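All remarks here apply to the structure that follows.
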């Protein structure tokens with residue numbers, strides 16, 4: 023796969039994003055886990071619904087950032103988090119930027135710039151998308167636990183998974199989620215796997 | 023399930039949209055078919071990418087319409103098209119509106135209005151979302167055929183599945199898709215199933 | 023899809039019932055859930071095995087009712103229970119009757135009458151099929167919980183899911199099932215999901 | 023697993039039949055293939071619908087035979103046909119009878135007798151169930167081919183898979199199925215796999 | 023399927039081993055269970071890693087035994103353990119030997135001899151493969167329990183599933199596994215299914 | 023995930039390799055594609071069966087190389103081939119070596135050396151494993167095409183996928199495979215996807 027030369031090539035390739043499962047769930051035994059496409063939709067919905075509650079935030083712009091934030095996974099896959107240990111600093115981000123430029127080539131030049139803005143967290147909109155990316159992760163983890171998954175407890179023990187608390191609506195939702203989960207799961211946050 | 027009373031209830035319920043498969047594919051033997059969430063994301067991306075090429079269109083508004091256009095399927099399911107033969111006129115639309123109002127209750131009152139605008143096709147933005155809804159269907163059908171599905175030929179024979187041609191970028195993409203498919207599939211549009 | 027005009031059309035269409043999953047399980051995160059075909063077979067077996075223990079019941083006739091009781095789902099889907107909130111009274115039943123008449127058209131006129139008898143619960147045989155429809159639901163819920171599903175507790179809290187107790191063999195089985203489940207599941211009937 | 027001692031044990035065990043896929047499809051790469059439960063339901067429906075067209079046949083009795091005909095697969099699995107080459111004559115049948123007696127123990131003594139009648143083909147009803155067992159196989163093969171499976175051509179080349187033609191309604195349906203398939207599949211009955 | 027006459031036939035047939043799921047997991051509701059191929063790889067890895075810690079053991083030879091030990095399942099299926107109750111003594115083993123001879127025909131005559139050595143447990147290498155076959159079973163059971171399966175408790179209650187303790191590295195690993203599982207699972211070894 | 027400190031940690035982690043699907047198939051719409059574990063087993067079997075036909079080759083050593091050759095995918099994933107375009111030269115190989123060292127830490131120091139030997143192709147045994155890695159790919163592609171996949175034609179058009187022809191038994195098998203496929207598939211090597 024090279025640079026997409028037509029819009030149709032781009033749209034056809036995007037359909038395969040549905041077949042890229044979120045690796046963190048796969049490796050912890052979740053059946054029929056969320057695809058990257060599904061994750062992206064939920065992040066986008068969160069950004070839209072919560073962005074409206076944040077003063078001065080450009081919601082339409084944040085939605086655009088959310089639309090492109092995970093597309094590089096089409097060509098790089100949804101890398102497990104451990105990958106960061108094994109690649110040189112910045113290699114993954116550089117690869118994502120390069121892949122994205124080839125994928126989105128038929129779109130106007132603003133598309134890669136959106137990714138860059140997201141990656142660097144340069145604006146409040148970018149930071150909101152990042153926060154919603156994590157909030158969605160923890161919401162889904164809670165849903166899978168409610169359905170019977172027992173291999174996800176470690177997510178609650180690692181603050182790297184928690185959304186940055188600088189946006190009040192995000193912070194409040196996450197706190198409510200943690201409270202509910204603590205009430206629902208017998209031994210919250212204990213590692214219960216072998 | 024009743025009216026969602028908190029944002030968290032809404033976000034938790036939305037996660038289950040990933041488990042609602044698109045019925046048209048299921049009944050034609052497509053394995054691991056697209057979920058409603060995945061369909062929604064692809065429609066949204068099309069609206070965003072193509073809307074920018076249409077003079078005078080409010081892309082951010084069209085994106086919002088796309089975000090809510092299929093959410094009622096959370097509680098009603100993705101009804102097979104044949105359902106229209108068996109329910110009284112308008113019953114499905116009324117049910118969708120009622121379900122949507124309960125699902126989206128924690129959001130501002132504009133959300134059901136977005137759905138109403140979409141349903142009635144009252145604006146160019148609503149009509150673009152409807153056109154992209156069908157364009158995405160036919161793109162996905164082509165992808166599934168390219169992967170080996172043989173039960174989808176009838177989609178190409180029924181103009182009800184085709185996007186309304188009043189937006190040039192949509193029309194041109196769909197024509198290019200039909201040309202490519204005709205070149206790729208030996209006996210295009212022939213019914214080849216038993 | 024229209025009226026089936028030949029027996030072969032009917033038998034071919036029926037095969038797709040295997041791809042219609044039971045929506046109640048799908049939306050609660052059960053993996054690889056029962057299809058409508060599977061549900062139908064189990065109801066039928068219950069009717070046959072339990073009907074023989076009920077004085078004066080015409081088992082062969084009850085078996086026929088069980089055979090047709092869910093076929094409309096071929097064209098309408100397995101609607102989530104919430105649908106009842108959103109459609110006018112009786113709309114779903116009328117739609118099912120209309121769909122069934124078209125599906126079963128190649129069979130003698132008795133087939134739709136069987137569905138009508140089932141739907142109205144006009145005979146002891148129809149009431150037994152309805153009771154076994156619910157008994158099978160609760161047996162399957164118990165099996166899925168035994169396999170690890172944690173999202174099904176609400177079924178045990180809603181008496182609408184329980185089989186009507188007027189047939190002693192059904193009632194006794196259901197009571198035994200509840201006792202076993204209460205002994206097996208730590209906090210029976212508590213809502214444990216987030 | 024031993025002898026089922028209660029009806030509830032029996033009904034609980036039967037639910038697992040949904041997880042036993044039909045091996046012939048699995049080994050030829052059919053995705054999400056029919057379960058034994060689904061096969062059983064379809065055979066039963068064929069017996070009921072076609073039995074009514076055969077003079078003098080006891081349909082209710084034939085339906086009972088169909089209900090029990092595959093239950094031994096709960097404990098023995100759906101053995102691939104090649105197994106017959108490797109076990110002594112009659113070993114599989116004896117094993118099925120022994121398994122069935124233990125599975126169905128809570129039912130009256132007639133249940134194993136039904137299986138014996140089926141196995142030996144001692145009555146027209148038993149022969150009709152056997153014929154429908156094969157007719158259903160070939161109908162499903164045609165459906166899977168219509169959906170895209172290319173690994174099933176050999177089924178059409180082996181008359182052992184064809185239903186015995188002594189019942190006119192079965193014979194006519196099968197001939198119609200073959201005609202349609204020959205018209206639909208470019209190179210019928212040619213082995214097209216590597 | 024008959025005797026493989028060429029190496030390519032053999033290699034093509036072997037690919038289908040990926041579609042044969044391990045029946046013990048299927049019947050206990052594990053989603054997406056291990057295939058026979060996967061089981062074989064893990065046994066092989068255990069044999070290689072542990073064999074090196076056993077004085078005087080011929081690791082390369084043990085690895086060869088592990089490579090062929092489950093291949094008969096290609097044609098016989100992964101029979102549920104209950105099968106032993108229903109077939110005459112030795113029938114399964116004789117069938118496996120016959121199937122294996124036909125599958126492996128293109129290989130030198132040593133291949134069936136490897137299976138025979140494994141089956142009879144005639145050498146320390148064969149006994150190590152048998153021990154690792156069971157150790158892998160219990161490791162996988164623990165992994166599935168850690169992911170949420172609740173239907174596997176009975177495995178821990180039946181010493182037939184435990185690896186023979188005559189090899190110290192196997193025994194020590196299994197004891198460590200049991201200790202960890204007892205610490206992780208609230209009520210170890212209690213039957214918690216309905 | 024860090025350095026495995028005990029053999030049990032290693033064996034538990036290895037079980038998750040079954041959930042890592044081979045990305046090349048996933049992105050081309052193959053349903054239930056081969057896992058990395060399954061791929062590894064088949065490569066290993068090829069190495070064992072073909073190595074015995076190559077003069078002077080140390081088969082036991084080649085088998086060991088095959089055992090470790092893909093384990094880094096546990097922590098890095100099965101990266102799509104396009105990744106090579108986006109990462110700096112050698113970054114993927116360095117990451118694999120680092121991941122492997124942490125995964126295999128409880129094993130003797132020879133394990134990472136085996137991977138290094140494989141990676142660099144320093145010995146005939148390493149080159150045979152590499153050749154079998156590709157031969158297995160093309161065998162599986164042919165099997166999936168035989169089952170109905172239509173999205174894999176491009177594999178036959180890219181010689182990078184073909185096994186190096188310096189080992190006669192590998193070369194001959196691959197040539198036989200190509201001949202059979204050309205005879206089986208109507209328009210061999212033509213790109214038939216949209």
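Chains as they are written, first to last, in the working numbering: chain B, 23 to 216; chain G, 23 to 216; chain Z, 23 to 216; chain S, 23 to 216; chain U, 23 to 216; chain C, 23 to 216. Glycine included, C-beta positions come from ideal geometry on N, C-alpha and C. Predicted, not measured: the structure shown is a model, and the values here were computed from it.
Nearest-angstrom beta carbon gap, residue j and residue i [assumed within contact, 8 Å]
| i | j | result |
| --- | --- | --- |
| residue 34(C) | residue 67(U) | That belief does not hold up - the Cβ atoms of residue 34(C) and residue 67(U) are roughly 12 Å apart, past 8 Å. |
| residue 139(U) | residue 80(U) | So it is not a contact: roughly 12 Å between Cβ atoms. |
| residue 119(U) | residue 137(U) | 6 Å |
Where residue i meets chain C, residues with beta-carbon distance less than 7 Å
| i | result |
| --- | --- |
| residue 46(G) | The contacting residues do not exist; residue 46(G) stays about 17 Å from chain C at best. |
| residue 53(G) | 53 |
| residue 165(U) | 34, 37 |
Chain U residues whose Cβ lies nearer than 7 Å to that of residue i
| i | result |
| --- | --- |
| residue 179(Z) | Per Cβ cutoff of 7 Å: no residues; residue 179(Z) is ~17 Å from chain U at best. |
Where the alpha helix (DSSP H) containing residue i begins and where it ends
| i | result |
| --- | --- |
| residue 31(S) | 29-37 |
| residue 61(S) | 58-73 |
| residue 200(G) | 190-206 |
| residue 117(B) | 113-125 |
| residue 41(C) | Element bounds for residue 41(C): n/a, residue is neither H nor E. |
| residue 98(C) | 95-98 |
| residue 55(U) | It is not in any alpha helix (DSSP H) - residue 55(U) carries neither H nor E in the DSSP assignment. |
| residue 107(G) | 105-108 |
| residue 88(U) | 81-90 |
Within chain Z, the residues that residue i reaches when beta carbons sit closer than 8 Å
| i | result |
| --- | --- |
| residue 113(G) | 109, 110, 113 |
| residue 173(U) | 168, 169, 170 |
Interface residues of chain B facing residue i [CB-CB closer than 7 Å]
| i | result |
| --- | --- |
| residue 170(Z) | 170 |
Contacting residues, own chain, Cβ-Cβ under 7 Å from residue i (five flanking each side not counted)
| i | result |
| --- | --- |
| residue 135(B) | none |
| residue 162(Z) | 56 |
| residue 84(G) | 69, 73, 147, 150, 151 |
| residue 87(G) | 136, 139, 140, 147, 148, 151 |
| residue 117(Z) | 98 |
| residue 197(Z) | none |
Chain-ordered neighbours of residue i on chain G, where CB pairs are closer than 8 Å
| i | result |
| --- | --- |
| residue 195(B) | 29, 30, 33 |
Partners in chain S for residue i, counting only beta-carbon separations shorter than 8 Å
| i | result |
| --- | --- |
| residue 50(G) | 169 |
| residue 120(U) | 107, 108 |
| residue 220(U) | Here chain U has residues from 23 to 216 only, and residue 220(U) is not among them. |
Residues of its chain near residue i, where Cβ-Cβ distance is below 6 Å and the 5 sequence neighbours each way are ignored
| i | result |
| --- | --- |
| residue 50(U) | 173, 174 |
| residue 127(B) | 25, 26 |
| residue 59(U) | 39, 40 |
| residue 62(B) | 92 |
| residue 186(S) | 153 |
Beta-carbon neighbours of residue i, restricted to chain C and to distances below 9 Å
| i | result |
| --- | --- |
| residue 59(B) | The premise fails here: residue 59(B) is roughly 13 Å from chain C at the closest Cβ pair, so nothing lies under 9 Å. |
Contact set between residue i and chain S, taken where Cβ atoms lie within less than 7 Å
| i | result |
| --- | --- |
| residue 40(Z) | 56, 60 |
Contact test: residue i Cβ vs the ligand SAH heavy atom, cutoff 7 Å
| i | result |
| --- | --- |
| residue 86(C) | In the structure on display, the ligand SAH does not appear, and there are no ligands present to speak of. |
Beta carbon proximity, residue i to chain A, threshold 8 Å
| i | result |
| --- | --- |
| residue 162(U) | The question asks about chain A, but that chain is absent: this structure's protein chains are B, G, Z, S, U and C. |
Neighbouring residues, chain U, relative to residue i (Cβ below 8 Å)
| i | result |
| --- | --- |
| residue 98(S) | 101, 102, 104, 105, 108 |
Close Cβ partners of residue i (< 8 Å) along its chain, the five nearest in sequence each way excluded
| i | result |
| --- | --- |
| residue 122(B) | 90, 93, 94, 133, 134, 137 |
| residue 32(U) | 26, 125, 126, 127, 128, 129 |
**Message:** Report the start-end ranges of each alpha helix (DSSP H) in the region 133-192 of chain B that is 4 residues or longer and not cut off at the edges.
**Reply:** 146-169, 175-179
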